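Chains as they are written, first to last, in our numbering: chain Z, 12 to 126; chain W, 36 to 144. Each residue gets a CB set at the ideal place from its N, CA and C atoms; glycine is no exception. No experiment lies behind these values; they were computed from the predicted model shown. Written below as structure tokens is the structure these notes are about.
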Amino acid sequence: AQTVTQSQPEMSVQEAETVTLSCTYDTSESDYYLFWYKQPPSRQMILVIRQEAYKQQNATENRFSVNFQKAAKSFSLKISDSQLGDAAMYFCAYRSKNTGNQFYFGTGTSLTVIP
Amino acid sequence: DTAVSQTPKYLVTQMGNDKSIKCEQNLGHDTMYWYKQDSKKFLKIMFSYNNKELIINETVPNRFSPKSPDKAHLNLHINSLELGDSAVYFCASSQDTQYFGPGTRLTVL
Chain Z
12 AQTVTQSQPE MSVQEAETVT LSCTYDTSES DYYLFWYKQP PSRQMILVIR
62 QEAYKQQNAT ENRFSVNFQK AAKSFSLKIS DSQLGDAAMY FCAYRSKNTG
112 NQFYFGTGTS LTVIP
Chain W
36 DTAVSQTPKY LVTQMGNDKS IKCEQNLGHD TMYWYKQDSK KFLKIMFSYN
86 NKELIINETV PNRFSPKSPD KAHLNLHINS LELGDSAVYF CASSQDTQYF
136 GPGTRLTVL
């Protein structure tokens, strides 16, 4: 089974600064999806950003962008101009395009935003 | 225009009781899931259905039984509740991207 590793259990960032959350994954496949989800204290799981492995261009959604390094199997999330509302648990996830519908989640990174 | 909904959002019950959590999606997705999130926030897949057919059944006690009456619904029934079942349970659905319901916080006393 694929594994997804988030090596930073906790991170903090000053408001308005930039922070990068790390994610690595293990797979032998060439085509797949990668995702970042945000879980604020309300506990709702919110899709932040999605990347398809065959696309070389890094995905961007407003202040959120990814650094996708396919050869290194790395998929980090950069949050620019951090806001208090960005404080949440962030989960990285992997899904194969070819071998079924299972999603593999990392253990999460808890992000604190300091005013 | 809720995409994935689940009820109830909170469930408090006594040990030994039987309870159900309902889930519905209006996204037209083929696949639905149940996850358990423990106090450390780990997300663990429990079940997955594709077009009403069970495709993922992780190591879950057989007290947990999913039921999919149609493609848009996946309910979770739990028999003989135990203290260790206390957690947040998420329903989700997907085509390529997975979308989650709001979660059900189950507390077993």
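Check	Outcome
Nearest to P96/W by CA position, among C58/W, I80/W, Q130/W, is which residue?	I80/W
8 angstroms is my cut-off, CB to CB: does V123/W come that close to chain Z?	yes
Terminal residues of the continuous beta strand (DSSP E) containing P101/W?	99-105
Assess, as a yes-or-no matter, whether the segment 69-78 of chain W is touched by the segment 64-84 of chain Z under the definition of 3 or more beta carbon pairs within less than 8 angstroms.	no
Which term fits P101/W, buried or exposed, when burial requires 16 or more other beta carbons within 10 angstroms of its beta carbon?	buried
For the beta strand (DSSP E) that Q72/W lies in, which residues bound it at each end?	66-72
I'd like to know if D105/W contacts chain Z, where contact means its C-beta is closer than 8 angstroms to some C-beta of that chain.	no
Does any residue of chain W bring its CB to less than 8 angstroms from the CB of F116/Z?	yes
Write down the C-beta distance between E21/Z and N109/Z rounded to the nearest angstrom, noting that I regard them as a contact closer than 8 angstroms.	About 35 angstroms; that fails the 8 angstroms criterion.
Kindly indicate which three-state DSSP category D37/Z falls into: helix, strand or coil?	strand
For N110/W, count neighbouring Cβ atoms within 10 angstroms of its own Cβ and tell me buried if that reaches 16, exposed if not.	buried
Specify the secondary structure class of L78/W as computed by DSSP and reduced to three states.	strand
For I90/Z versus T16/Z, is the C-beta spacing smaller than 8 angstroms?	no
Just mark M100/Z as buried or exposed, buried being the case when its beta carbon has 16 or more other beta carbons within 10 Å.	buried
So, L122/Z versus D92/Z, is the Cβ gap smaller than 8 angstroms?	no
According to DSSP, is P95/Z helix, strand or coil?	As written in the sequence, residue 95/Z is Leu, which differs from the Pro given in the question. Of the three classes helix, strand and coil, the one that applies to L95/Z here is helix, per DSSP.
Just checking my contact of V59/Z with F75/Z at CB under 8 angstroms: how many whole Å lie between their CB atoms?	5 angstroms
Using a beta-carbon distance below 8 angstroms, is D120/W in contact with chain Z?	no
Buried or exposed: where does V47/W fall if 16 or more other Cβ atoms within 10 Å of its Cβ makes it buried?	exposed
At least one CB of chain Z closer than 8 angstroms to the CB of G63/W: is that the case?	no
In three-state terms, what does DSSP make of L144/W?	coil
Buried or exposed: E93/W, going by 16 or more other Cβ atoms within 10 Å of its Cβ?	exposed
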